[in-house]
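Peer 1:
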Amino acid sequence: MPHARIDMHRSLQPKMADISAAILRGMVTGFSMPADDLFQIFRLHEPGELVYSPTFPNQQRDDIVFIELVASKGYTDEQKQATMEAIVEEVSALDIKRDNLLLVINEVGQTATWYAPEPA
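Just so we're aligned: the sequence shown equals residues 1 to 120 in full-length UniProt numbering.
As C-alpha cells, then:
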C-alpha cells in the first residue's frame, strides 16, 4: 500500500485531480499494484514556500512539484525506477515540465495498517 505525498504551488490546484490520477497510473504501472490502492496527500503552497534549485542537477526548472512515495521494503530497483519513469511520463503529459518534477521513494520497514472496525 504505497502512498504519495505531493507538495506543489497552489497555482497548480486546477490540475490537482489530473495530477492525482497521473501519479496513480504511474504507480499502478511501475509497482503492478491494484488501481484502487489510492492513498495520496496533497499540500498546496504559496509562492516562496517551496525552496528549490532551478538548475540542480542539470535541470531547467521554473517551478517544482515534489512527489514523495512512501512504500514498504520489497520493491526491486527495477520496479522503483519503472514507477518513477511512469509517473514522470504521466504527469508531464499534463503540460507540466519534466524538469519541474522531483520524485523520491522512501522505503519503510515493517508497517502496521489499522482500519477502524465497523460499529457493533
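Beta carbons are placed, not taken as given, at the ideal position from N, Cα and C, and that holds for glycine.
Give me, in chain order, the residues of the same chain whose beta-carbon lies closer than 6 Å to that of residue 74; leave out the 5 immediate sequence neighbours on both sides.
Peer 2: For the purposes of this step, residue 74 is identified with residue 74 of the sequence shown, where counting begins at 1. Excluding sequence neighbours, residue 74 sits near nothing in its chain.
Peer 1: Kindly indicate the opening and closing residues of the alpha helix (DSSP H) around residue 25.
Peer 2: Within the sequence shown, the letter at position 25 stands for residue 25. Run containing residue 25: 16 to 31, per the alpha helix (DSSP H) assignment.
Peer 1: Assess contact between the region 82 to 96 and the region 18 to 27, defined as three or more Cβ pairs (one per stretch) separated by less than 8 Å. Is contact present?
Peer 2: yes
Peer 1: Count the other C-beta atoms from every protein chain shown that fall within 10 angstroms of the C-beta of residue 41, then say buried if there are 16 or more, exposed otherwise.
Peer 2: Residue numbering aside, residue 41 sits at position 41 when the sequence shown is read from its first letter. Exposed, since its Cβ has fewer than 16 Cβ neighbours within 10 Å.
Peer 1: Suppose you measure from the CA of residue 43 to the CA of residue 119; what does that come to, to the nearest Å?
Peer 2: Counting from one through the sequence shown, the residue named residue 43 turns up at place 43. Counting from one through the sequence shown, the residue named residue 119 turns up at place 119. The alpha-carbon separation between residue 43 and residue 119 amounts to approximately 32 Å.
Peer 1: Leaving aside the five residues before and after residue 29 along the sequence, list all residues of the same chain whose C-beta is less than 6 Å from its C-beta, in chain order.
Peer 2: Taking the sequence shown and counting its residues from 1, one reaches residue 29 at position 29. Cβ neighbours of residue 29 beyond the five flanking positions: 86.
Peer 1: According to DSSP, simplified to helix, strand and coil, what is residue 104?
Peer 2: As a first step, residue 104 is located in the sequence shown; it is residue number 104 there, counting from the start. Looking at residue 104 - three-state DSSP - the assignment turns out to be strand.
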